[in-house]
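Visitor:
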Amino acid sequence: MSTMGKKIKWGILGCGKIAHKFAEGLKVIPDAILEAVASRTEGKAENFGKLFGVENRYDNYEDLVENAEIDVIYIATTHNFHHENALLCLNHGKPVLCEKPITLNATQTEDLINSARSNNLFLMEAMWMRFIPCIVKLKELLEQGIIGEIKHLTANFGIKKELDSKIRSFNPDLGGGALLDLGIYPISFARMVYKQPPSKIQSSAYIGTTSVDEKSCYLFEYEDGQTAMLSSSHRLIMPHDAFIYGTKGYIQVPDFYHPSEMILKLEGDKKKTINVPFKSTGYNYEAMEVMHCLNTGKLESILMPLDETLEIMKTMDTLRSQWHLKYPGE
Ligand SMILES: NC(=O)c1ccc[n+]([C@@H]2O[C@H](COP(=O)([O-])OP(=O)(O)OC[C@H]3O[C@@H](n4cnc5c(N)ncnc54)[C@H](OP(=O)(O)O)[C@@H]3O)[C@@H](O)[C@H]2O)c1
0 MSTMGKKIKW GILGCGKIAH KFAEGLKVIP DAILEAVASR TEGKAENFGK
50 LFGVENRYDN YEDLVENAEI DVIYIATTHN FHHENALLCL NHGKPVLCEK
100 PITLNATQTE DLINSARSNN LFLMEAMWMR FIPCIVKLKE LLEQGIIGEI
150 KHLTANFGIK KELDSKIRSF NPDLGGGALL DLGIYPISFA RMVYKQPPSK
200 IQSSAYIGTT SVDEKSCYLF EYEDGQTAML SSSHRLIMPH DAFIYGTKGY
250 IQVPDFYHPS EMILKLEGDK KKTINVPFKS TGYNYEAMEV MHCLNTGKLE
300 SILMPLDETL EIMKTMDTLR SQWHLKYPGE
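Using numbering that gives the first Met the number 0, read the sequence shown as starting at 0 and increasing by one per residue.
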């Protein structure tokens, strides 16, 4: 994927864990310059700037959005701040790449989309899975009908974390819960494969002592009878393998949110491994897509379009309403 050669100056808003991985990914993109970083936590931007050789280090977000040199801002704060942070950037004329989930709910997403579109500014959710070369190849193979008509898929995302009401995974004030953090991946994967939202949504969630879903499961049905069985958890170790079942066979996608291979099993044939490795952290591909869009005047990406991001947020709103799970202020 080419970025079309023009240098793009990035700003990073929020200097937490994922911001470090993203900055690492930027290093391998020749036309990417990390121009400035901002953190509201004392000393964090300073340390981050030293680590990645960034000259402009701010202890507030306002200085970042007012820096006229910056072409695009990557938002890496916790979910609850995304809406407010993205609006700040858009209102200062800055294009935005915002971490997943783009906001807490569909109403906030709609607001951001309206703001970006009315200001003619680029906006994208950082659903990095969509840009990993193996996923791009998978889409191509599915479109060619390699496994026939797709009928069913399964995908799970579970990471075991110690229960701690303060950390973002479990803290409702920070948008905690497995669905918004991890479940969004299998849901986005299913949306990508079926190219439509589910027509029927059934689910089950275990709401833990901190009042967010520690584990949740989703059963989706689609217009033509296809199905998806998905789940996520902050308390269980799960294999991150997705399986897509078609009328001619199936494809297994290990580590489906950042795969480097797929295993194809067609009826009557032996299993075949298709290797499509990725470089660096993998976050470089979403950044390259943003740069390509900026350099070619596109206001959104065809690989992660805004209407699809909104649809996925609506699906997650429906799931949460089934569990009566609301976040503070909703
Ligand atoms: N794409 C991926 O693979 C991936 C992986 C992990 C996370 N994420 C997403 O990235 C976002 C950040 O996740 P993370 O793990 O990097 O989070 P984190 O390190 O816990 O926090 C990120 C930043 O959010 C702000 N923040 C965190 N807790 C806060 C609090 N209690 N009060 C005020 N500000 C607070 C801080 O910003 P300041 O620096 O300004 O203080 C912090 O540096 C989430 O939305 C998550 O879904 C994506």
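Beta carbons: idealized from backbone N, C-alpha and C, even for Gly. It should be emphasised that the depicted structure is a prediction, and the values quoted were computed from it without experimental measurement.
1) Would you mind stating whether Lys199 and Tyr205 have Cβ atoms separated by less than 7 Å?
2) Quick one: using the 10 Å Cβ neighbour count with 16 as the cut-off for buried, is Ala67 buried or exposed?
3) Is DSSP giving Ala35 helix, strand or coil here?
4) Assign Arg129 to one of two classes, buried (16 or more other C-beta atoms within 10 Å of its C-beta) or exposed (fewer than that).
5) Distance check for Thr272 and Leu309, CA to CA, integer angstroms please.
6) Span of the alpha helix (DSSP H) holding Ser320?
7) Could you check whether Cys216 and Ser230 sit closer than 7 Å to each other, using their CB atoms as the reference points?
8) Going by other Cβ atoms of all chains shown within 10 Å of its Cβ, with 16 needed for buried, is Leu302 buried or exposed?
9) Look up Lys150 in the DSSP assignment and say whether it is helix, strand or coil.
10) Pairing CB atoms from the region 103–111 with CB atoms from the region 259–266, are three or more of them under 8 Å?
11) What did DSSP end up calling Gly10 once you bin it into helix, strand or coil?
12) Excluding sequence positions up to five away, which residues of its chain have a Cβ less than 6 Å from the Cβ of Asn283?
13) Measure how close the beta-carbons of Leu12 and Thr76 come, nearest whole angstrom, since I'm counting them as under 8 Å.
14) Do the region 317–328 and the region 131–142 make contact, defined as three or more Cβ pairs closer than 8 Å?
15) Starting from Asp212, follow its DSSP beta bridges and name the residues at the other end.
16) Hey, quick one: how far does the alpha helix (DSSP H) through Ile134 stretch, first residue to last?
17) Between which two residues does the beta strand (DSSP E) holding Asn104 run?
18) Can you name the start and end residues of the beta strand (DSSP E) that Arg56 belongs to?
19) Do Phe242 and Tyr249 have their C-beta atoms closer together than 7 Å?
20) Just the C-alpha distance for Phe277 and Lys16, rounded to the nearest angstrom, thanks.
21) Note down, in chain order, each residue of its chain lying with its Cβ closer than 6 Å to the Cβ of Leu305, except the 5 sequence neighbours on either side.
22) So what does Cys97 bridge to, in DSSP terms?
23) Measure from the alpha carbon of Ile236 to the alpha carbon of each residue in Tyr244, Thr208, Lys159, then state which is nearest.
24) Measure the alpha-carbon distance for Ala37 versus Leu122 and round it to whole angstroms.
Guide: Working from what's here:
1) no
2) exposed
3) strand
4) buried
5) 34 Å
6) 305–322
7) yes
8) buried
9) strand
10) no
11) strand
12) Gly24, Val27, Ile28
13) 7 Å
14) no
15) Ile206
16) 132–142
17) Where Asn104 is concerned, there is no enclosing beta strand (DSSP E), given that its DSSP letter is neither H nor E.
18) 55–57
19) yes
20) 21 Å
21) Ile112, Glu299
22) Ile74, Glu124
23) Lys159
24) 19 Å
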